[in-house]
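The numbering of the sequence shown is the numbering used here, which starts it at 146 and goes up by one.
Notes to accompany the following structure.
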Amino acid sequence: MPDHGHLNDVLIILLAAILCVALFQRLRITPVLGYLTAGMLIGPYAAGLVQDPAGTELLAEFGVIFLLFTIGLDLPLRRLVEMRHLIFGLGLAQVALTSAAIAGVAMAAGLSVETALILGGALALSSTATVLQLLIERRELADRHGRLSVAVLLFQDLAVVPLLALLPILAGGSTNIVGALGLAAVKAAIAIGAILLIGRLFLRPVYRVIAETRNPEIFAATNLLIVLATGYATAQAGMSMALGAFLAGLLLADTEYRHQIEADIQPFRGLFLGLFFITVGMSIDLGRIVDNLFPLLGLAVALLAGKAAILYALLRAFRQGHRMAARVALLLAQGGEFAFVILGLALQLDVVSAPVGQALLAVVAISMATTPVFAWAGRRWFGHESRPAGSAEQLEEATGDLDHHVLVAGFGRVGWTVCKLLERNDVPYVALDFDMERVRRGRNENMPVYFGDASRLEVLRAAGLERARAAVITLDQPGLAERAVGALRGHDSAFTIVSRARDGRHRKRLELAGASAVVSEAVEASLQLGATVLRLSGTDDARVEESLNAFRRNDYALLDELLEEREQANGDTEKLTETGSWFARHIAPRRRRRSERGTGDGSGGR
Numbered sequence: 146m147p148d149h150g151h152l153n154d155v156l157i158i159l160l161a162a163i164l165c166v167a168l169f170q171r172l173r174i175t176p177v178l179g180y181l182t183a184g185m186l187i188g189p190y191a192a193g194l195v196q197d198p199a200g201t202e203l204l205a206e207f208g209v210i211f212l213l214f215t216i217g218l219d220l221p222l223r224r225l226v227e228m229r230h231l232i233f234g235l236g237l238a239q240v241a242l243t244s245a246a247i248a249g250v251a252m253a254a255g256l257s258v259e260t261a262l263i264l265g266g267a268l269a270l271s272s273t274a275t276v277l278q279l280l281i282e283r284r285e286l287a288d289r290h291g292r293l294s295v296a297v298l299l300f301q302d303l304a305v306v307p308l309l310a311l312l313p314i315l316a317g318g319s320t321n322i323v324g325a326l327g328l329a330a331v332k333a334a335i336a337i338g339a340i341l342l343i344g345r346l347f348l349r350p351v352y353r354v355i356a357e358t359r360n361p362e363i364f365a366a367t368n369l370l371i372v373l374a375t376g377y378a379t380a381q382a383g384m385s386m387a388l389g390a391f392l393a394g395l396l397l398a399d400t401e402y403r404h405q406i407e408a409d410i411q412p413f414r415g416l417f418l419g420l421f422f423i424t425v426g427m428s429i430d431l432g433r434i435v436d437n438l439f440p441l442l443g444l445a446v447a448l449l450a451g452k453a454a455i456l457y458a459l460l461r462a463f464r465q466g467h468r469m470a471a472r473v474a475l476l477l478a479q480g481g482e483f484a485f486v487i488l489g490l491a492l493q494l495d496v497v498s499a500p501v502g503q504a505l506l507a508v509v510a511i512s513m514a515t516t517p518v519f520a521w522a523g524r525r526w527f528g529h530e531s532r533p534a535g536s537a538e539q540l541e542e543a544t545g546d547l548d549h550h551v552l553v554a555g556f557g558r559v560g561w562t563v564c565k566l567l568e569r570n571d572v573p574y575v576a577l578d579f580d581m582e583r584v585r586r587g588r589n590e591n592m593p594v595y596f597g598d599a600s601r602l603e604v605l606r607a608a609g610l611e612r613a614r615a616a617v618i619t620l621d622q623p624g625l626a627e628r629a630v631g632a633l634r635g636h637d638s639a640f641t642i643v644s645r646a647r648d649g650r651h652r653k654r655l656e657l658a659g660a661s662a663v664v665s666e667a668v669e670a671s672l673q674l675g676a677t678v679l680r681l682s683g684t685d686d687a688r689v690e691e692s693l694n695a696f697r698r699n700d701y702a703l704l705d706e707l708l709e710e711r712e713q714a715n716g717d718t719e720k721l722t723e724t725g726s727w728f729a730r731h732i733a734p735r736r737r738r739r740s741e742r743g744t745g746d747g748s749g750g751r
């Protein structure tokens with residue numbers, strides 16, 4: 146009979162994961178803790194349903210690889226450039242100072258420099274999954290404290306890469322930390338340079354050929370090949386496969402295939418990453434945690450308090466207010482899922498001893514479980530503003546960290562579409578609308594929409610006009626749109642202003658007001674309708690686009706001439722109408738009176 150031992154383990158793992166994760170999600174607790182709990186319950190230290198987790202460790206490693214790939218995929222270079230001050234300023238300072246503080250405590254407790262270095266880096270990280278989930282559920286991702294939190298989390302995600310690259314070097318027994326770091330840096334530079342060069346030259350052409358096959362299975366297989374091949378390349382250079390996967394994601398982040406790649410990788414990442422956390426859970430000795438519960442709780446409190454204090458001080462140094470600093474510090478005080486990744490691999494490589502590693506895994510799990518409570522406390526105690534909602538002062542504070550963004554005036558159907566396009570292409574923006582229902586609807590979708598009159602210059606300044614790259618006017622009231630364009634043009638003669646127009650006449654008024662470019666929705670709707678008919682009739686896309694561009698280039702002038710002729714005709718008609726009205730008021734009554742007099746004396750009327 147064949148041995149089905151590994152199949153039995155897989156079935157047990159899947160059943161435990163389904164039950165625990167479903168329960169934790171129902172309780173609104175991060176699924177990461179559900180996977181860890183499932184692993185602890187079925188592992189050798191509890192029920193013993195799975196005695197040897199080694200059979201799943203290879204598959205679990207794929208979870209880390211796909212996780213790092215999606216991190217790179219979510220970090221296009223332009224996004225890093227847009228948020229560089231917060232990411233590489235506040236984020237770098239948080240990771241560096243927190244890591245140094247924890248490593249110092251670890252060395253004072255008698256741990257080696259190598260272990261202290263890994264523990265400091267692992268415990269400095271916060272839970273990206275938990276924090277983002279809370280921000281999304283509470284519709285606070287677009288708020289300023291949400292953006293500050295995201296900036297810190299982004300750098301923490303980047304910091305995972307060198308930490309994972311450092312683990313194999315420390316596992317090799319190197320005692321010269323500076324030399325090991327230097328060697329890692331040289332190897333990383335060579336590998337990264339080669340991968341980036343090859344990727345820039347070949348990735349986009351390869352994906353273009355694969356996309357033209359229109360075969361989703363081949364496209365998905367190409368994604369897996371790219372991830373695993375780059376991981377294998379970095380592994381051959383003596384670094385982790387996760388680093389190669391991160392570089393592959395970074396290369397593909399700025400391509401037009403990014404969203405489809407992310408959709409294809411998502412199921413693999415979720416499945417294998419869950420398996421990784423279950424494997425980590427199986428290595429945790431539940432009995433030891435129960436026996437040392439109070440010391441572990443004390444360590445968890447110390448971790449939460451220390452991280453919150455450091456981040457609060459940094460936010461104050463970065464000129465954030467007391468309320469904002471306290472709220473972000475409480476939100477990011479916990480340990481994160483990457484701590485499980487780093488500590489789990491450190492345990493496998495014997496960089497961290499089993500008692501220390503298991504204790505700290507428990508501490509991180511306890512701290513993550515407190516995240517909803519800390520987020521609630523921050524919102525309750527520090528989330529209320531003393532200034533009225535929609536005031537220029539509040540708007541300025543909410544958008545003060547934005548730079549090189551787009552101002553969108555009006556959040557109706559057109560404004561919403563523009564914002565979604567900007568969001569999809571990672572272009573930062575701020576939308577303004579005077580309709581509170583529209584603002585509320587946008588906030589429910591985690592979009593940075595604020596209440597304000599976009600035709601007033603002081604409101605535009607509060608939304609960061611001096612730091613903005615352009616403005617899009619989508620207001621559906623022609624008068625307001627013209628006033629907004631005029632206010633912007635009066636403020637800066639070189640500022641880029643794109644406006645929506647209802648028709649040709651409105652377009653001309655907006656151009657006179659100073660708009661850089663005006664799109665007439667009536668004409669553009671007709672063009673898109675005609676383009677759809679052409680495509681359905683068999684005309685190729687290139688010819689359709691050429692026809693549209695030719696019309697915009699040549700026939701807009703003809704439309705302007707027709708508009709002028711119509712306006713002139715309307716003007717002549719108005720003159721005739723005015724003449725007729727004068728005749729009806731003055732001449733006609735005189736003729737009627739004369740006619741009546743002639744009839745009355747018998748002379749007849751002419």
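Here a beta-carbon is modelled for each residue, glycine too, at the ideal position from N, C-alpha and C.
If you're wondering where the values come from, they're calculated on a predicted model, not measured in any experiment.
Subject >> Helix, strand or coil at ARG283 according to DSSP, with G and I counted as helix >> reply: coil
Original post:
In whole angstroms, what is the alpha-carbon distance linking VAL177 and GLU482?
Top reply: 7 Å
Original post:
Could you check where the alpha helix (DSSP H) with ILE363 kicks off and where it finishes?
Top reply: Unbroken alpha helix (DSSP H) run through ILE363: 361 to 381.
**OP:** Would you mind reading off the limits of the beta strand (DSSP E) that contains LEU309?
**Re:** LEU309 -> not in any beta strand (DSSP E); alpha helix (DSSP H) instead, spanning 289 to 316.
Original post:
Alpha carbon to alpha carbon, how far is SER644 from ARG606?
Top reply: 18 Å
**OP:** Measuring alpha carbon to alpha carbon, tell me which of ALA398, ARG414 and VAL630 ends up nearest LEU369.
**Re:** Cα-wise, what sits closest to LEU369 is ARG414.
Original post:
According to the neighbour-count rule (16 or more other Cβ atoms, all chains shown, within 10 Å of its Cβ), is GLN196 buried or exposed?
Top reply: exposed
Original post:
Skipping 5 residues on each side, what residues in its chain have a beta carbon closer than 6 Å to that of THR722?
Top reply: The pLDDT assigned to THR722 is 44, lower than 50, so where the model puts this residue is not dependable; a value taken from the coordinates is nonetheless given after this. So the list is empty, once near-sequence residues are dropped.
Subject >> Backbone CA spacing between ARG173 and LEU277 [nearest angstrom] >> reply: Going by the C-alpha atoms only, they are around 13 Å apart.
Original post:
Where does SER644 sit, in a helix, a strand or coil, going by DSSP?
Top reply: strand
Subject >> Segment contact, 8 Å Cβ cut-off, at least three pairs: the stretch 500 to 516 with the stretch 419 to 433 >> reply: yes
**OP:** Take the Cβ of TYR377 as the centre, count every other Cβ of all protein chains shown within 10 Å, and call the residue buried at 16 or more, exposed below.
**Re:** Counting Cβ neighbours within 10 Å, TYR377 comes out exposed, since fewer than 16 surround it.
Original post:
Beta carbon of ILE216, beta carbon of ALA387: below 7 Å?
Top reply: no
**OP:** My understanding is that LEU218 touches ILE371, with C-beta atoms under 8 Å, so please give their C-beta distance in whole angstroms.
**Re:** Their Cβ separation, rounded to whole angstroms, is 11 Å, which puts LEU218 and ILE371 out of contact at 8 Å.
Subject >> Through-space distance from ARG612 to LEU602, alpha-carbon basis >> reply: 14 Å
Subject >> Pick from HIS550, ALA576 and ALA504 that is closest to ARG558, judged by C-alpha positions >> reply: A check of alpha carbon separations from ARG558 across HIS550, ALA576 and ALA504 identifies ALA576 as the nearest.
Subject >> Paired residues, beta bridge with LEU552 - DSSP >> reply: VAL575 and ALA616
Original post:
So, using beta-carbon positions, are LEU506 and LEU488 closer together than 7 Å?
Top reply: yes
Original post:
For SER726, which residues of its own chain have a beta-carbon under 6 Å away from its beta-carbon, when the five flanking residues on both sides are left out?
Top reply: Unreliable positioning characterises SER726 in this predicted model, as indicated by a pLDDT of 46, which lies under 50. A coordinate reading is not provided.
Subject >> GLY249 to TYR352 span [Cα, whole Å] >> reply: 47 Å
**OP:** Out of LEU341, ALA474 and ALA374, state which residue places its alpha-carbon closest to the alpha-carbon of VAL295.
**Re:** The shortest C-alpha separation from VAL295 is found at ALA474.
Original post:
Are LEU396 and ARG403 close, meaning C-beta to C-beta below 7 Å?
Top reply: A distance of 7 Å or more separates the beta carbons of LEU396 and ARG403.
**OP:** Identify, in the order they occur along the chain, each residue of the same chain with its Cβ nearer than 8 Å to the Cβ of VAL584, setting aside the five sequence neighbours on each side.
**Re:** PHE556, ASP578, VAL594, TYR595 and PHE596
Subject >> Beta-carbon proximity of THR375 to GLY394, cut-off 7 Å >> reply: Cβ atoms of THR375 and GLY394: not closer than 7 Å.
**OP:** State buried or exposed for LEU270, treating a residue as buried only when at least 16 other CB atoms are found within 10 Å of its CB.
**Re:** buried
Original post:
Where do the N-terminal and C-terminal ends of the alpha helix (DSSP H) with VAL446 fall, by residue?
Top reply: 438 to 462
**OP:** Taking 8 Å as the threshold, find out whether the stretch 651 to 670 comes into contact with the stretch 629 to 641 through three or more Cβ pairs.
**Re:** yes
Subject >> LEU346 versus ALA339 - alpha carbon distance >> reply: 11 Å
**OP:** Check VAL155 in the structure and name its three-state DSSP category.
**Re:** Here DSSP, grouped into helix, strand and coil, assigns VAL155 to helix.
Original post:
Do ALA260 and LEU298 have their C-beta atoms closer together than 7 Å?
Top reply: Checking the sequence shown, residue 260 turns out to be Thr, not Ala. No. Outside cutoff.
Original post:
For the putative contact between HIS290 and MET469, defined by C-beta atoms under 8 Å, what is the C-beta separation to the nearest angstrom?
Top reply: 6 Å
Original post:
How about ALA554 and LEU610: do their beta carbons lie closer than 7 Å?
Top reply: no
**OP:** Classify GLU691 as buried or exposed, calling it buried when 16 or more other Cβ atoms lie within 10 Å of its own Cβ.
**Re:** exposed
Original post:
Is GLY683 buried or exposed, if buried means 16 or more other CB atoms sit within 10 Å of its CB?
Top reply: With fewer than 16 Cβ atoms within 10 Å of its Cβ, GLY683 is classed as exposed.
**OP:** Look at LEU181 and PHE422 and say whether their C-beta atoms are less than 7 Å apart.
**Re:** yes
**OP:** Please determine, among GLY523, LEU420, LEU492 and GLY631, the residue with the shortest C-alpha to C-alpha distance to ALA616.
**Re:** Selected option, being the one with the closest Cα: GLY631.
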